[in-house]
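Residue numbers (numbering that gives the first Met the number 0), protein chains in the order written: chain A, 0 to 400; chain B, 0 to 400.
See structure below.
Number of protein chains: 2
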Amino acid sequence: MYKFIERGSITSASGYKAAGIFCGVKRAKKDLALIFSELPCNAAGTFTLNKVQAAPILISKNIIKSNTKVRAIIVNSGNANACTGENGYLDALKIQENVAKFLSIQLNEVLVSSTGVIGQRLPVEKILNGIEEIVTNLSNDGGELAAEAIMTTDQFKKTFAVKVELSQGEVTIGGICKGSGMIMPNMATMLSFIATDAYLEKDQLQKILINSVNKTFNKISVDGDTSTNDMVILLSNGASNVIIKPQSADEEKFSLALTALCEEMAKAIVIDGEGATKLISVVVTNAKSIDDADLIAKSIANSPLVKTAINGSDANWGRIISAAGKSGADFNPSKAQIFFDSLPILCSNYTVVLNEEKAREILSNKEITITLDLMEGKYSTKWWTCDFSQEYIKINANYRT
Amino acid sequence: MYKFIERGSITSASGYKAAGIFCGVKRAKKDLALIFSELPCNAAGTFTLNKVQAAPILISKNIIKSNTKVRAIIVNSGNANACTGENGYLDALKIQENVAKFLSIQLNEVLVSSTGVIGQRLPVEKILNGIEEIVTNLSNDGGELAAEAIMTTDQFKKTFAVKVELSQGEVTIGGICKGSGMIMPNMATMLSFIATDAYLEKDQLQKILINSVNKTFNKISVDGDTSTNDMVILLSNGASNVIIKPQSADEEKFSLALTALCEEMAKAIVIDGEGATKLISVVVTNAKSIDDADLIAKSIANSPLVKTAINGSDANWGRIISAAGKSGADFNPSKAQIFFDSLPILCSNYTVVLNEEKAREILSNKEITITLDLMEGKYSTKWWTCDFSQEYIKINANYRT
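Okay, here's the thing in structure tokens:
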């Protein structure tokens, strides 16, 4: 139904251009990205739930809330423009104005986004100087450069795209995103920009995006912290001439493809989590309710004790059941069963069937699935997290210096 | 009003004996502790809120709930007897029976407690063999040996005692406790045993204990995990012949002394947190409600990003305000002010007054107070946490091996 495109990115979708340059916010690496649609786009977005919201979040959220079309997204890395007050807000406005001017579009057709250190004024002149250059650099295959320019402590750039065959023809969804610390459900310093050449109504787009984000970006955790700057944006420009009708079979197909794309992006963020060496899928099955399943999976995914044990390939299943127990969810621990991949570790009534050697072998892999079967209800969920390494501490003890 | 006793411990209170021996649960270190009161005690207790509760928790909780007097507490370290099902429960019962037999007291006068690895059967024969020996070792100054025998990854033993002058005479409160991972509000693998020679009614004792625990042990965090085995027990045997009447001025004095004792014990647990190098007091002032103050302080105290920044003496105040923002508490971030000790870092309207050099000097100290003044209401709180170091990961990646 959908197919991933090799080396696909946000510019894999028709009618989108992008660019990424160095303008001087960081010391040497690319730090400014621009995404541009030739046609006006319907736009959907989800934003951080942190009470402290960066200036660009306030601006972009207002645009998504309103009914205006969107043409461009300008993103800088290296500085979050968060906790910068009135001045920070004016800085973000200046950037928005300049992008509009050089692209000859309206002010409120430009979304703005920032990521990096909190609480320092943006070197706004450097960014303003970069805008003229980046506009001339826009190209139909600039997605990878843009992906590079939004990175902070990310180790690799993250770009993905899928093609979906629909009744009226083929459409493409492409995206770029970045992590990699402060990753926790309900957004983190996580930026994700997604574009499709299909046409969807604005409300429809928002509904589909929220559904996909809830199943993917909102189910990952690196360190339990939530940033001031997170956003996921989905643009739809209709360049493919394929219109997706609300509640149609096509919409269902598109939604599945979008969720698959978001899942790959979310997993890439976890794999690239600060100091991460392993991708851990946390599956909770047969819970009494979906809320119970999510509470438990989230608690396991956030437990430093579980994450350090897996870092050391230590089959310390007691920490898994204990993390479930402190989640606040309703379940009977003595019924629970635990598996590492398909290897049973614990059966009901606390019957330990752990084979230490086989368990250590599985836990030494780069990708591990921990399954907690509650043996009670019929609700299941899946979260993603990474292990917790000494490298994480190293990175974060001296982030600003 | 109260005075700490140098090198005081649980046996500083009159009428209590204690002992600590090696019986073979651990490889070489002391692993069995016994506390005994010559007179029957009223007993109060608070227990882990984890849904997964170890066998000894189930047994001891029932005794505290009932109206029976308590005479003894038997504690082993090295194995938590948690997630061990029916067999684990029977193991704990056997231990309780043996202690009662050798002390010639009733079964339900014996509280049981365990700490250590989860999910492995207790080497119960070794403990049973140790009981006869430990009973003969009971002594009036055995508190320190008992404190040593309850340690797991603790680096130092924790014993404290205070004397309080009351209208009828002087009473003593003494305690021993242990940390040091899985420390989070509402109990952790945190055991604390406190004894007083004052006489208090059972209900009165429980009320006073809960009040002190809420202000101290429930406001510390090492890693946000909550254990299956936590308990705080307070015994009152009346050996001083001082009776504390409910709602009297004496009760107030006793309560303050108990809280001071618990605060020292709680801080000792944090200082000795796994891998900790610094004690961080998190003070939140002028919140709209006490719940808001606690939500914010807890979120800051639990944030790996704040804790790693302080490990690196990095004045990354943005992470503090961001941790406050994600807490769910109601406040206006732009009003907030931040201090490190008495040094202002951030004034209202995001006015940064940070002197990097002075801030780094303060953050390099062993004890640091972070104050977040919300400038809104009149409620304040104080939490304690430690920094997050590479050593924490080292300890926990290979705990069982």
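All residues carry an ideal CB built from backbone N, CA and C; glycine is no exception.
These numbers come from a predicted model, not from an experiment.
- If only uninterrupted alpha helix (DSSP H) runs of at least 4 residues are considered, those enclosed by the stretch 109 to 190 of chain B are 123 to 136, 142 to 148.
- DSSP, reduced to helix, strand and coil, places A259 of chain B within a helical segment of the structure shown.
- At a C-beta separation below 9 Å, F330 of chain B has these neighbours in chain A: K50.
- The alpha-carbon of K266 of chain B is positioned some 8 Å away from that of I219 of chain B.
- Per the coordinates, the alpha-carbon of S312 of chain B lies some 40 Å from the alpha-carbon of E251 of chain B.
- For G317 of chain A, the enclosing alpha helix (DSSP H) stretches over residues 316 to 324.
- At a cut-off of 7 Å between beta-carbon atoms, S321 of chain B makes contact with chain A.
- With respect to the 7 Å criterion, K177 of chain B and L190 of chain B are classified as neighbours on the basis of their beta carbons.
- Rounded to the nearest whole angstrom, the CA to CA distance from I175 of chain A to T10 of chain A is 9 Å.
- DSSP places I361 of chain B inside the alpha helix (DSSP H), whose first and last residues are 355 to 362.
- Going by beta carbons, G324 of chain B and I117 of chain A fall outside the 7 Å limit.
- Residue-level contact check: Y349 of chain A touches chain B, since one or more beta carbons of chain B fall below 7 Å from its beta carbon.
- Listed by position along chain B, the residues whose Cβ is nearer than 7 Å to that of Q389 of chain A are Q389, I392, K393.
- Restricted to the stretch 53 to 116 of chain B, the beta strand (DSSP E) segments that are unbroken, complete and at least 3 residues in length are 69 to 78, 109 to 116, listed in chain order.
- For Q336 of chain A, the uninterrupted beta strand (DSSP E) segment begins and ends at 336 to 339.
- Within the same chain, Cβ atoms closer than 6 Å to the Cβ of S211 of chain A are found at L257, T258, C261, the five residues on either side in sequence being excluded.
- L234 of chain A and L31 of chain A have their C-alpha atoms spaced approximately 19 Å apart.
- P122 of chain B and G272 of chain B do not touch by the CB rule: their CB atoms are close to 28 Å apart, not below 8 Å.
- Secondary structure of Y391 of chain A (DSSP, three-state): helix.
- In the DSSP annotation of this structure, the continuous segment of the alpha helix (DSSP H) that includes A296 of chain A starts and ends at 289 to 301.
- In this chain, the beta strand (DSSP E) harbouring S235 of chain B covers 230 to 235.
- From the beta-carbon of I117 of chain B, the residues of chain A found nearer than 9 Å are N315, W316, G317, R318, I320, S321.
- For A81 of chain B, the chain A residues whose C-beta falls within less than 8 Å of its own C-beta are G317, S321, listed in chain order.
- Nearest C-alpha to N348 of chain A among B:L48, B:G141, B:A18, B:C82: B:C82.
- Straight-line spacing of the CA atoms in K60 of chain A and D329 of chain B works out to 20 Å.
- For G84 of chain B, the nearest beta carbon of chain A is closer than 7 Å to its own beta carbon.
- For P39 of chain A and G14 of chain A, the gap between their C-alpha atoms comes out near 10 Å.
- Counting other Cβ atoms within 10 Å of its Cβ, R70 of chain A reaches 16 or more and is therefore classed as buried.
- Taking all protein chains shown into account, D202 of chain A has fewer than 16 neighbouring C-beta atoms within 10 Å of its C-beta and is therefore exposed.
- With the rule of 3 Cβ pairs closer than 8 Å, the stretch 106 to 117 of chain A counts as touching the stretch 49 to 65 of chain A.
- Straight-line measurement puts the Cα of L278 of chain A at about 16 Å from the Cα of K157 of chain A.
- Going by C-alpha positions, N128 of chain A is about 29 Å away from V352 of chain B.
- With a threshold of 7 Å between beta carbons, G178 of chain B makes no contact with chain A.
- Shown here, K2 of chain B sits in a strand according to DSSP, grouped into three states.
- Nearest neighbour of I320 of chain A by Cα position, chosen from A:N310, A:S341, A:C346, turns out to be A:C346.
- Distance from F387 of chain B to A358 of chain B at the Cβ level is roughly 19 Å; contact not present, criterion being Cβ atoms closer than 8 Å.
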